[in-house]
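Asks: Below: one structure in structure tokens.
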Amino acid sequence: MTHHDPLELSVEEFVESGVDSVKASCNCCGKSWPALIDVMPARTTLRKIRALMVCPTCGSADVDVKRNWPDARVTY
Ligand SMILES: [Zn+2]
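Terminal number for the sequence shown in our numbering: 80, no gaps in between.
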């Protein structure tokens, strides 16, 4: 069994799983918004996406991203 850190999953793997967006949330002001990931290069990891995210409300780069699985059965 492989232990996949969700942050190491790539856009390619997300899209293959039927996931085309992630839920981004700002640790600074609390805003959350859906972020499309299928516009990113296929090899981009969730970790990289998180590093690139900037909050549209307060401009903070302290943004968390979560998987947006269709069945919403996410455990951490
Ligand atoms: Zn913010």
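Glycine included, each C-beta is placed from N, C-alpha and C at the ideal position.
From a predicted model like this one, the values you see are computed outputs, not experimental measurements.
Sorry if obvious, but does the Cβ on K35 come closer than 7 Å to a heavy atom of ligand 1?
Replies: K35 Cβ: within cutoff of ligand 1.
Asks: For F58, which option in T49, W37, T48 has the closest C-alpha, if you only look at C-alpha atoms?
Replies: For the record, residue 58 in the displayed sequence is Val; it is not Phe. Considering only alpha carbons, the answer is W37.
Asks: What are the partner residues of D68, as DSSP defines its beta bridges?
Replies: Paired residue(s): S29.
Asks: Strictly by DSSP, which residues pair up with A39?
Replies: Per DSSP, V26.
Asks: Inspect the beta-carbon positions of K27 and T61 and report whether they are closer than 8 Å.
Replies: No, the pair does not count as a contact, with Cβ atoms beyond the cut-off.
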